[in-house]
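Enquirer: Structure in structure tokens, see below.
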Amino acid sequence: MAHKVLRILALLLAAGTCLAEDAVVAKGTVMKADRSLVSLKAGTVVEVLGRTDKTASVLYKGQTGTVPLASLGGAAAKPAAPKPVIADQPQSFYGNAVKKAEVNAAKHDDSLVKPANEVMDDTPPK
Numbered sequence: 007m008a009h010k011v012l013r014i015l016a017l018l019l020a021a022g023t024c025l026a027e028d029a030v031v032a033k034g035t036v037m038k039a040d041r042s043l044v045s046l047k048a049g050t051v052v053e054v055l056g057r058t059d060k061t062a063s064v065l066y067k068g069q070t071g072t073v074p075l076a077s078l079g080g081a082a083a084k085p086a087a088p089k090p091v092i093a094d095q096p097q098s099f100y101g102n103a104v105k106k107a108e109v110n111a112a113k114h115d116d117s118l119v120k121p122a123n124e125v126m127d128d129t130p131p132k
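What follows is the structure in structure tokens.
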């Protein structure tokens with residue numbers, strides 16, 4: 007008998023987890039948990055466990071709490087693949103400075119070091 011009860015509970019738990027959906031917090035809000043408050047920033051992904059007229063029961067980092075329903079957006083979208091980094095066209099001041107230093111070092115090597123080697127003929131024989 008106890009074995010059947012455990013099976014039914016397992017089925018109910020499995021069905022309950024299938025009904026949960028992910029949602030994105032549209033605007034910053036506070037999740038009211040058992041004995042604590044958790045601040046949720048806009049863009050945070052939470053798992054919606056249930057809804058009422060004005061609140062939603064959510065799961066965030068293993069903690070269950072309630073948030074205002076108006077603070078939730080739609081279903082969570084999968085994050086887009088990150089754009090590849092283009093090293094030839096830096097987008098920051100630091101990247102531009104590094105690129106300029108590399109170009110100047112290459113010009114220096116071409117104009118000063120090689121002519122001195124040709125004049126001095128210090129290159130080892132091949």
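Per our numbering, the very first residue in the sequence shown carries number 7; after that it's consecutive. C-beta atoms are modelled at their ideal positions from N, C-alpha and C, and glycine is treated no differently.
1. In terms of DSSP beta bridges, what is Val51 paired with?
2. Rounded to the nearest angstrom, what separates Ser45 and Val51 at their Cα positions?
3. Ordered along the chain, which non-local residues of its own chain (more than five positions away) have a Cβ less than 6 Å from that of Ala39?
4. Terminal residues of the continuous beta strand (DSSP E) containing Ala107?
5. Over what stretch of residues does the beta strand (DSSP E) that includes Leu65 continue unbroken?
6. Could you spell out the range, first to last residue, of the beta strand (DSSP E) harbouring Thr70?
7. Sort out for me which residues DSSP pairs Gly56 with in a bridge.
8. Which residue or residues does DSSP assign as beta-bridge partners of Ser45?
9. Assuming Leu43 and Ala62 make a contact with CB atoms under 8 Å, what is their CB distance in whole Å?
10. How about Glu53 and Val64: do their beta carbons lie closer than 9 Å?
11. Would you kindly check if the distance between the Cβ of Gly49 and the Cβ of Val73 is under 9 Å?
12. Taking buried to mean at least 16 other C-beta atoms within 10 Å of its own C-beta, is Ala103 buried or exposed?
13. Could you tell me how far apart the beta carbons of Lys47 and Gly56 are, in whole angstroms, since I believe they sit closer than 8 Å?
Expert: Walking through what the data contain:
1. Against the sequence shown, residue 51 aligns to sequence position 45. Beta-bridge pairing links Val51 to Val30.
2. Taking the sequence shown and counting its residues from 1, one reaches residue 45 at position 39. Taking the sequence shown and counting its residues from 1, one reaches residue 51 at position 45. Going by the C-alpha atoms only, they are around 13 Å apart.
3. Within the sequence shown, the letter at position 33 stands for residue 39. Excluding positions up to five away in sequence, the list reads Gln69 and Gly71.
4. Position 101 of the sequence shown, counting from 1, holds the residue named residue 107. Ala107: not part of any beta strand (DSSP E); member of the alpha helix (DSSP H) spanning Phe99 to His114, first to last residue.
5. Here residue 65 is taken as the residue at index 59 of the sequence shown, counted from 1. Annotation for Leu65: the continuous beta strand (DSSP E) segment containing it runs Thr61 to Tyr66.
6. The count along the sequence shown starts at 1 and reaches residue 70 at position 64. Its beta strand (DSSP E) spans residues Gln69 to Pro74.
7. Counted from its first residue, the sequence shown places residue 56 at position 50. Bridge partners of Gly56: Ser63.
8. Numbered from its first residue, the sequence shown carries residue 45 at position 39. Answer is Val36.
9. Within the sequence shown, residue 43 is the residue found at index 37, counting from 1. Within the sequence shown, residue 62 is the residue found at index 56, counting from 1. With a beta-carbon spacing of about 16 Å, Leu43 and Ala62 fall beyond the 8 Å limit used to define contacts.
10. Reading the sequence shown from its first residue, position 47 is the one you call residue 53. Reading the sequence shown from its first residue, position 58 is the one you call residue 64. Taking 9 Å as the cut-off, the beta carbon of Glu53 is found closer than this to the beta carbon of Val64.
11. The count along the sequence shown starts at 1 and reaches residue 73 at position 67. The count along the sequence shown starts at 1 and reaches residue 49 at position 43. Cβ atoms of Val73 and Gly49: not closer than 9 Å.
12. The residue labelled residue 103 in the question sits at position 97 within the sequence shown. Classification for Ala103: exposed.
13. The residue labelled residue 47 in the question sits at position 41 within the sequence shown. The residue labelled residue 56 in the question sits at position 50 within the sequence shown. Contact between Lys47 and Gly56 does not hold, since the beta-carbon distance rounds to 23 Å and is not under 8 Å.
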